[in-house]
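Everything below concerns the one structure shown next.
Residue numbers (mature numbering (1 follows the signal peptide of the UniProt record, and there is no 0)): -22 to -1, 1 to 225.
Have a look at this one:
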């Protein structure tokens, strides 16, 4: 009888322990979302695409409002200046000044490389809070580049995501990702992201330097450097209008 009681108590303790761990993982992910996602933001950035023969640099400005609206415009080099992208919900339009055409990207087109980088149009579309699309659990705690982190495993709970599973190393002090590994449904690793130069912007922390690496391609990947970040600022309504693409 005593053995049965001990066994039951052990099972209850294990279940409670698993529930606490799951809750902790959810709390961690909530704090990551609070840092990484804002109601509005304006980002001025430099993208460096590393090639076999030469590297290329692009500068751009991006306006985000919530998860459903995003507008980007390339400022340099001269060849790409004026190229614009507009995302409204699940639709994406790209304007090319050289042809004066607006193309709606959909289906397999979204998987194409953006400006020859390791970042796809589909990646750009996934500007959503992680907790809305994934459930998380803590795999372990470990050091990453001298920082204490939690390694979280995220599994998709929605179908409209680019990656079925993610591994994220979350900084235990700042609650920002320091590394991410992105997987297909088959379990194949598709991309690896590295985050660095964490800075405080207002009341949140944000990594100002990111490296995207398509592991199915050769090379050093693509660097995305945030030069200026403004959060929770007013953005005029006309910015997120299709008519703005040709202005």
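Virtual Cβ for every residue (Gly too), placed ideally from N, Cα, C. Bear in mind the structure is a predicted one, so any value in this text is a computation, not a measurement.
- The straight-line gap separating the alpha-carbon atoms of residue 113 and residue 77 is approximately 43 Å.
- Taking the Cα positions, residue 48 is about 12 Å away from residue 16.
- The Cβ-Cβ distance between residue 100 and residue 88 falls below 8 Å.
- Residue 98 sits close to residue 90, with the two beta carbons spaced by under 8 Å.
- The beta strand (DSSP E) runs of length 3 or more contained entirely in the region 4 to 88 are, from start to end of the chain, 18 to 28, 33 to 43, 47 to 54, 62 to 66, 69 to 74 and 79 to 83.
- Within the same chain, 111, 112, 141, 142 and 143 come within 8 Å of residue 134 by CB-CB distance, once the 5 residues on both sides are set aside.
- Secondary structure at residue 223: helix, using DSSP grouped into helix, strand and coil.
- One Cα belongs to residue 149, the other to residue 4, and the distance between them is close to 15 Å.
- Per DSSP, the unbroken beta strand (DSSP E) holding residue 201 starts and ends at 200 to 209.
- Approximately 5 Å separates the beta-carbon atoms of residue 168 and residue 160; this is inside 8 Å, confirming the contact.
- When the Cα atoms are used, residue 209 and residue 62 turn out to be separated by approximately 21 Å.
- Judged by their CB atoms, residue 96 and residue 195 are nearer to each other than the 8 Å cut-off.
- The C-alpha of residue 130 lies about 39 Å from the C-alpha of residue 59.
- The alpha-carbon of residue 125 is positioned some 47 Å away from that of residue 79.
- Taking 8 Å as the upper bound for CB-CB distance, residue 204 and residue 21 are in contact here, some 6 Å apart.
- In its chain, beyond the 5 residues on either side, 114, 116, 128, 130, 148 and 153 have a beta carbon closer than 8 Å to the beta carbon of residue 6.
- DSSP assignment within the region 105 to 131 yields the following whole beta strand (DSSP E) runs of 3 residues or more, N-terminal first: 112 to 122.
- Between residue 37 and residue 24 the beta-carbon gap is near 5 Å, inside 8 Å, which marks them as a contact.
- Residue 171 is a Cβ neighbour of residue 190, given a cutoff of 8 Å.
- Taking C-beta atoms as the reference points, residue 92 and residue 102 count as a pair closer than 8 Å.
- Cβ-Cβ separation between residue 223 and residue 73: approximately 4 Å, consistent with a contact (criterion under 8 Å).
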